[in-house]
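To keep things clear, I will list the structure first and then write my remarks on it.
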Amino acid sequence: MVIMMTVIGFITSINQQFQAPIQSAYLHSAGAWTNSFTTLLIFAFFLSYLVLGPVSSRFVERHGYKMTIVRGLLLLAGGILLFVLSALLFMHTSLWITLSETVQLPVSYLIFLLGSFVCGAGITFMQSSVNPYLIACTVPGTSAVQRQNIGGVGNSTMTMLAPLFVSMVIFGGVEDLKDVQIQEVIVPMIILMGVVLILSYVVKRLHVPHIEGTTSSEDAEVSFKTVWRIRRVRLGCIALFCYVGVEVCIGANIILYGQHDLALSYNTVALYATLYWGAMLVGRFVGSFLNRVSDRKLLWSTTLLSAILILIAVVTNQPYWLIAVGLCHSVMWGAIYSLALKELGSLATRASGVLLMGLIGGALLPFLQSLLADLLGGYHYTWLLVVAGELYMLYYALVGSRFKEQQA
-6 MVIMMTVIGF
4 ITSINQQFQA
14 PIQSAYLHSA
24 GAWTNSFTTL
34 LIFAFFLSYL
44 VLGPVSSRFV
54 ERHGYKMTIV
64 RGLLLLAGGI
74 LLFVLSALLF
84 MHTSLWITLS
94 ETVQLPVSYL
104 IFLLGSFVCG
114 AGITFMQSSV
124 NPYLIACTVP
134 GTSAVQRQNI
144 GGVGNSTMTM
154 LAPLFVSMVI
164 FGGVEDLKDV
174 QIQEVIVPMI
184 ILMGVVLILS
194 YVVKRLHVPH
204 IEGTTSSEDA
214 EVSFKTVWRI
224 RRVRLGCIAL
234 FCYVGVEVCI
244 GANIILYGQH
254 DLALSYNTVA
264 LYATLYWGAM
274 LVGRFVGSFL
284 NRVSDRKLLW
294 STTLLSAILI
304 LIAVVTNQPY
314 WLIAVGLCHS
324 VMWGAIYSLA
334 LKELGSLATR
344 ASGVLLMGLI
354 GGALLPFLQS
364 LLADLLGGYH
374 YTWLLVVAGE
384 LYMLYYALVG
394 SRFKEQQA
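For the sequence shown, position 144 (counting from the first letter as 1) is numbered 137 according to the working numbering, and the numbering increases by one without interruption.
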């Protein structure tokens, strides 16, 4: 399961780091809405969580954890193939869609967006299996949050390396994005697709023990309604919406912020993204040893500190403070998930699918931030949107996650 977490982190981060190169290669005729169209790449990826979250949880109940992971890996390979086809189409054709007098988009860009959605679909299936399994399995001397953080170490390691992989390996360390050639993604993506297919075959051959009492045989509609009535699950879905949204806002949009507002080179801002994800790696490694700190205390303290650090970044207009937020973000996922699923028993799998719907925040908040950046002429004050997300998670830690099972 830890290996699956590394795959999830690597693919999610690669998709985010494609923003700047895709903007340079595909969106030079996008007019004043360049940032908004750029962020649609992330929107398409995380939209799959909303669309397929409940579907993936039902798949777990019917086919088990192992086959859900295999299905996710196959979808992932299909999404990567679409990236390759997009680059090939852009190289050999000149098909464009005209939206207005000032906005034109290549068809290959739309195919790339579709590939991003399919990759997100694969990750959704993997998440719906990996997360509840890590929480429900029994490992002596560990808590659910610790196991989540141990998996998160692998996730964050690959998430940290992905920006360097995109900037240095795929695009050869170019300083100026004008030099980016989209065909450079073809060979690395074909290799990556091959690795994913091999991994799916290996997983299919493995024995993954089923954990009794973690799935339900109830009718899907009734089961969903039952879970949605649980207050801490419902509010936890919103908390994950905010968490993934603010995490991606910093991890992805710090690159656009550094380029457009601070006039920094692509390699420099890619390093900033790497340092942010590296801070999350350090935080998750440390968090794996914090077995005496409660989930609630961990969440309220880190969300409060994150809000303060982001406000300092806004006042000083320095991105370094945003990098430091990675330390705080590192433990939030496990804390929110654990608080929401605590003592749910047979409803845990269904609740996990409901929570995954909240990951649409990774689509909406970065897109809204970039839309505001286009309207305001820069990203500087858009970081206040991220502060708002941190404050909601603070509310969830202090109030929303407490055991009040009354219906809405």
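Where a beta carbon is used, it is the ideal one built from N, C-alpha and C, also for glycine.
The structure displayed is predicted, hence computed values, not measured ones.
Using CA atoms only, rank isn't needed, just tell me which of the options is closest to residue i.
{"i": "threonine 152", "options": "Leu33, Leu315, Ile163 and Trp270", "result": "Trp270"}
{"i": "glutamine 174", "options": "Leu369, Phe234 and Tyr19", "result": "Tyr19"}
{"i": "glycine 108", "options": "His253, Met350 and Leu74", "result": "Leu74"}
{"i": "valine 237", "options": "Thr(-1), Leu40, Trp26 and Ser29", "result": "Leu40"}
{"i": "leucine 45", "options": "Tyr372, Ala366 and Ile353", "result": "Ile353"}
{"i": "leucine 364", "options": "Asn28, Thr261 and Ile1", "result": "Asn28"}
{"i": "leucine 357", "options": "Leu33, Thr95, Ser121 and His85", "result": "Leu33"}
{"i": "valine 162", "options": "Leu68, Leu315 and Glu177", "result": "Glu177"}
{"i": "threonine -1", "options": "His322, Ala232, Phe110 and Leu274", "result": "Leu274"}
{"i": "valine 220", "options": "Ala25, Leu334 and Phe360", "result": "Leu334"}
{"i": "valine 159", "options": "Pro14, His21 and Leu66", "result": "Pro14"}
{"i": "serine 287", "options": "Ile247, Ser258 and Ile329", "result": "Ile329"}
{"i": "threonine 150", "options": "Trp314, Val307 and Phe3", "result": "Phe3"}
{"i": "leucine 69", "options": "Phe164, Ser101 and Ile191", "result": "Ile191"}
{"i": "isoleucine 7", "options": "Ala381, Phe164 and Arg289", "result": "Phe164"}
{"i": "tryptophan 326", "options": "Glu54, Gly280 and Pro359", "result": "Gly280"}
For residue i and residue j, what's the separation of their Cα atoms in angstroms?
{"i": "glycine 251", "j": "leucine 199", "result": "44 Å"}
{"i": "alanine 390", "j": "leucine 291", "result": "9 Å"}
{"i": "arginine 222", "j": "phenylalanine 38", "result": "28 Å"}
{"i": "threonine 5", "j": "leucine 264", "result": "17 Å"}
{"i": "phenylalanine 396", "j": "cysteine 230", "result": "15 Å"}
{"i": "alanine 366", "j": "tyrosine 374", "result": "8 Å"}
{"i": "phenylalanine 403", "j": "valine 96", "result": "Residue numbering for the chain in the displayed model covers -6 to 401; residue 403 lies beyond these limits and cannot be assessed."}
{"i": "proline 312", "j": "glycine 244", "result": "11 Å"}
{"i": "arginine 225", "j": "tryptophan 376", "result": "27 Å"}
{"i": "alanine 272", "j": "alanine 266", "result": "10 Å"}
{"i": "methionine 84", "j": "isoleucine 62", "result": "34 Å"}
{"i": "leucine 348", "j": "leucine 157", "result": "31 Å"}
{"i": "threonine 86", "j": "methionine 60", "result": "38 Å"}
{"i": "valine 111", "j": "glutamine 16", "result": "20 Å"}
{"i": "lysine 218", "j": "leucine 337", "result": "14 Å"}
Need the endpoints of the beta strand (DSSP E) that residue i sits in, please.
{"i": "glutamine 97", "result": "97 to 99"}
Within the continuous alpha helix (DSSP H) that includes residue i, where are the two ends?
{"i": "isoleucine 247", "result": "224 to 253"}
{"i": "alanine 13", "result": "12 to 19"}
{"i": "asparagine 260", "result": "259 to 280"}
{"i": "serine 299", "result": "288 to 309"}
{"i": "valine 189", "result": "179 to 198"}
Enumerate in chain order the residues of its own chain whose CB-to-CB distance from residue i is below 7 Å, with the five nearest sequence positions on each side excluded.
{"i": "serine 50", "result": "Ser121, Thr342, Arg343, Ser345 and Gly346"}
Please return the same chain residues whose Cβ sits closer than 6 Å to the Cβ of residue i, not counting the five positions on each side in sequence.
{"i": "valine 379", "result": "Val239, Cys242 and Ile303"}
{"i": "leucine 98", "result": "Ile90"}
{"i": "histidine 56", "result": "none"}
{"i": "tyrosine 372", "result": "Tyr250, Asp254 and Ala366"}
{"i": "alanine 317", "result": "Leu302"}
{"i": "lysine 197", "result": "Val63"}
{"i": "glycine 351", "result": "Cys230, Leu233 and Phe234"}
Could you pull out every unbroken alpha helix (DSSP H) segment of at least 4 residues lying fully inside the region 322 to 392, listed in chain order?
-> 325 to 334, 341 to 350, 354 to 369 and 376 to 388
Which runs of the alpha helix (DSSP H), 4 residues or longer, sit entirely within the region 45 to 133?
-> 100 to 129
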